[in-house]
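Residue numbers (this note's numbering): 92 to 229.
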Amino acid sequence: MSFPSFPHLPSMAAPKIVKKYTGKFKRHHSDRYHRVSENWRKQKGIDSCVRRRFRGTILQPNIGYGSDKRTKYMNPAGFKVYLVKNVSDLDALLMHNKTYAAEIAHNVSSKNRVEIVTKAKALGVKVTNPKGRVSLEA
């Protein structure tokens, strides 16, 4: 069996990033009772409308809501995020600068942030938050 070729399509088209469900799955009756937290719990009652998937009940998490394996954990720019805490962490991204982008951790000082951004520019690594916590005094 031979597969048809599609000359009008590019050979390596970048997959479109689709986040199927970005809402939160809420626990049944969490809106009704304050003592019931919103964290998801599977319904186990024998008469539960949610467990039996009646029409009009809340959504339950299942594998169908998962993202595409190729685009999972990608940001809108098409990079996967790698958390960087110091300058030496950037060396791990040297060979993977096409797929991973550096994100500077929240507890890094502004002095070290400037060093990380300059080293990343030299290595050709994209930084997702280069201007965070850095104030340029005029």
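Where is the CB? At the ideal position from N, CA and C, for every residue including glycine.
Since the structure is predicted, the reported quantities are computational estimates derived from the model, not experimental observations.
Query raised in the report: Exposed or buried, which one is residue 214 when buried takes at least 16 other CB atoms within 10 Å?
Result: exposed
Requested in this report: Leaving out five residues on either side along the sequence, give the residues of the same chain with a beta carbon under 8 Å from the beta carbon of residue 109.
Outcome: 158, 159 and 162
Query raised in the report: Would DSSP call residue 196 helix, strand or coil?
Result: coil
Query raised in the report: Just how far apart, CA to CA, sit residue 125 and residue 118?
Result: 12 Å
Requested in this report: Output the boundary residues of the beta strand (DSSP E) element that contains residue 208.
Outcome: No beta strand (DSSP E) contains residue 208, which is instead part of the alpha helix (DSSP H) from 201-214.
Requested in this report: Keeping to the same chain, check which residues put their C-beta closer than 8 Å to that of residue 170; ignore five residues upstream and five downstream.
Outcome: 190, 191, 192, 217 and 219
Requested in this report: Tell me, please, which residues DSSP counts as bridged to residue 156.
Outcome: In DSSP, residue 156 forms no bridge with anything.
Report task. For residue 211, count neighbouring C-beta atoms within 10 Å of its own C-beta (all shown protein chains included) and say buried if the count is 16 or more, exposed if not. Result -> buried
Query - Contiguous beta strand (DSSP E) assignments of at least 3 residues, all confined to the stretch 121-187 - result: 171-175
Query raised in the report: What do you reckon, are the CB atoms on residue 174 and residue 194 nearer than 8 Å?
Result: yes
Query raised in the report: For residue 204, is the classification buried or exposed, using 16 other Cβ atoms within 10 angstroms of its Cβ as the cut-off for buried?
Result: buried
**Report entry** Three-state class that DSSP yields for residue 191 in the structure shown
**Finding:** strand
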